[in-house]
Amino acid sequence: MAWEAVIGLEIHVQLATKTKIFSGASTAFGAAPNTQACAVDLGLPGVLPVLNAEAVNMAIKFGLGIDAEINKINAFERKNYFYPDLPKGYQTTQLERPIVGAGHVDIMLDDGSSKSVRIHHAHLEEDAGKSLHEDFQGMSGIDLNRAGTPLIEIVTEPDMSNAKEAVAFAKKLHSIVTTLGICDGEMSQGSMRFDVNVSVRPKGESKLGTRTETKNLNSFRFMERAINKEIERQIDLIEDGGTVIQETRLYNGDTDEARSMRSKEEANDYRYFPCPDLLPVVIEDSLLDKLRGEMPEMPDAKKARFIRDLGLGEYDAEILSGDQTTAAYFEATAKTSGDAKLAANWVMGELSKSLNQNEIAISNSPVTAEMLGGLILRIKDNTISGKIAKQVFEALWNGEGKDADEVIEKKGLKQVTDTGAIETMIDEVLAANAQQVDNYRAAPVEKRGKMIGFFVGQCMKASKGKANPGMVNQILKKKLEG
Amino acid sequence: MAIDRKEVEAVAHLARLSIDETQIERTTESLQGILGMIDQMQAIDTKGIEPMAHPLDAVQRLRADEVTETDQREKLQQHAPATEEGLFLVPKVIE
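Next up, the structure:
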């Protein structure tokens, strides 16, 4: 039987504020345990939460960034449950009136088509602390530095139908929140955490199957694997005559294993109620206007501009607009070189290959955008061929010169465009390969096209790649036909 | 709306309240009284009335995003029954 999967996501995004959502304690990452957990964060008696204006601003910016309605009156609720890393016994969150209403995030699929993933809503809430389960005399250690860190929880509609789409969505969302500057995007530090809801149903069936939720995935790779694994598990289960139980599951990226955490029967009843400590939040039009004015160019707008103004193809524009730093690097390279297409090819080709191989972020690239732009200029004015340019790039990468001109000069890589010099070289090559020359001349015309490649190769080798390939080709032909 | 003994036990468990045998009946009765009052309120026609998120007719004041709290771990952990390496210790949590 053919099956299809239905996937929806809930994403926790840590907002890049300096302080907690309801207290003036710092949110800096990596501090010693419990040194950034004040009386409010600990939920001590008599404390009163005061909402952080910047958390509200960031949530609004997210809403504006996904074309969502902003709920000008929104309010906080208490979600009650007991867990040691939740000192108050409830999480302050939003349920009935979330700050951000319905919106959408558009993703590009493998075949180049695009798909709109609907966002159900996004709400403000506080993060919990961390439990450390290593052995402390048979007890668990609790670090509450993270307790009260502002989050937006983004809830999608179940609009994705395979792991690839879910990952494309996750990457797009990452690009949106980092472009907006509302999240540092450091997934390994838990700045973005994904919960995936997965169900399967026979293809063509309109009724949804029973879903499971896999929690707290913090890398795109783990997310893709966890989803594929869960889809496979559910299909196998049903095909073997079993039924899927609604449950929460945990995926361990290190072992690539998933297990059940709790089933619905034991599920909590959270007994939400409006938080009496917090008044309704009212967002004035003047604030909305101010924040609209501060909005950066969003990835989709950037992509459209790369296509419209710089003549890039859909795919290149998508890749280059996805990440802020990459986009800025590309634009600087395009500006210096005056050739957006070559700049795109080099950024996505040689540069990203070297960055990946050496696991270096583009912001730390030893070859700056200006250096790469200068290199492209030398390809364009025929000082060097594309092939030699790769050598120059490598030299720049290894710090063997401050710019392309210096490397070309120092290594004597300037392309030979002197007709006389090329002719002399070709004569030498032809003389050294007399037999092949005879074969060529004896061959029927339609076969010669292929045979000439051998001579071009020999000439380029003889010139150490420095001869202008176009000229070599032209002169060779003339001489061989001779 | 009626509440029975089983529900009272379940709610008590969720709230981590220990109610002993002798109190259950009385608690059920009191809760039943509260629910009766809620039924009464819900019978009122509230069509066209905007629900309130808070009994006070006021708006939440916001705080500037500036660090105002300093590290008080020493003092705050004096209240904790057990700590180690700056962590609060609690009975083992198993997920």
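Protein sequences appear in the order of chains A and B. Position in the first sequence (from 1) plus 988 gives the number in our numbering. Position in the second sequence (from 1) plus 247 gives the number in our numbering. Built from N, CA and C at the ideal position, the CB exists for glycine as well.
S1274(A) places its beta carbon 7 Å or farther from that of K1291(A).
Taking every protein chain shown into account, the CB of D1327(A) has 16 or more other CB atoms within 10 angstroms, so this residue is buried. Ranked by Cα distance from T1371(A), the first of S1353(A), S1351(A), E1394(A) and I1350(A) is E1394(A). N1150(A) sits in coil when the DSSP states are folded into three classes, being neither helix nor strand.
When CB distances to chain B are screened at a threshold of 8 Å, the residues of the region 1255-1287 of chain A falling below it are N1256, D1257, R1259, P1262, P1264, L1266, L1267, P1268, V1269 and V1270, in chain order. Burial check for E1114(A): the Cβ neighbour count within 10 Å reaches 16 or more, so the residue is buried. Taking 7 Å as the threshold, the shortest C-beta distance from R252(B) to chain A does not fall below it. Straight across, the Cα-Cα distance linking A1305(A) with D1228(A) is about 45 Å.
About 6 Å separates the beta carbon of C1171(A) from that of L1003(A), a gap short enough to meet the 8 Å contact definition.
Within a 10 Å sphere around the beta-carbon of H1121(A) sit fewer than 16 other beta-carbons, which makes this residue exposed. Fully enclosed beta strand (DSSP E) runs of no fewer than 3 residues are not present anywhere in the region 1249-1299 of chain A. Close to Q319(B), with beta-carbon spacing below 8 Å, are these residues of chain A in chain order: C1026 and A1027.
Under the three-state reduction of DSSP output, N1022(A) falls in the coil class, being neither helix nor strand. In the DSSP assignment, Y1071(A) forms no beta bridge with any residue. If you look at E1114(A), you'll find it isn't in any alpha helix (DSSP H); it sits in the beta strand (DSSP E) that goes S1102 to E1114. Annotation for N1045(A): no beta strand (DSSP E) segment contains it, though the alpha helix (DSSP H) segment containing it runs A1041 to G1053. For the 7 Å CB-CB criterion, A1383(A) and G1374(A) do not form a contact. By the C-beta criterion, the region 1409-1424 of chain A is judged not to be in contact with the region 1328-1348 of chain A, since fewer than 3 inter-stretch pairs fall below 8 Å. CA-CA distance, L1032(A) to C1026(A), rounds to 9 Å. Distance check between D304(B) and each of M1359(A), D1426(A), P1268(A) and N1421(A) places P1268(A) closest, using alpha-carbon atoms only. Against chain A, the CB of H301(B) has a partner CB under 7 Å away; the residue lies at that interface. At a cut-off of 7 Å between beta carbons, G295(B) makes no contact with chain A. Per DSSP, V314(B) lies in no beta strand (DSSP E) segment and is marked neither H nor E. For D312(B), the residues of chain A that pass the 8 Å Cβ criterion are T1005, K1006, T1007, N1040, A1041, E1042 and A1043, in the order they occur in the chain. Beta-bridge partners of L1120(A) (DSSP): G1129(A).
For L336(B), the neighbours in chain A by C-beta distance under 8 Å run, in chain order, F1124, Q1125, M1127, S1128, G1129 and I1130.
Residue pairing by DSSP places S1014(A) opposite T1007(A) in a beta bridge. Here the C-alpha atom of L1225(A) lies approximately 27 Å from the C-alpha atom of A1156(A).
When G1437(A), T1407(A) and W991(A) are compared, the shortest CA-CA separation from E1193(A) is found for W991(A). With respect to the 7 Å criterion, T1321(A) and A1357(A) are classified as neighbours on the basis of their beta carbons. For Q1079(A), the pairing in a beta bridge is given by DSSP as K1067(A).
Closest in alpha carbon position to V1232(A), among S1104(A), S1187(A), E1469(A) and D1391(A), is S1187(A).
Not flagged as an interface residue toward chain B: P1037(A), since no C-beta distance is shorter than 7 Å. From the beta-carbon of T1023(A), the residues of chain B found nearer than 8 Å are D318, R320 and G333. The criterion of a C-beta distance shorter than 7 Å is not satisfied by L261(B) and P1021(A). Contact of A305(B) with chain A by beta-carbon distance below 9 Å involves L1267 and P1268.
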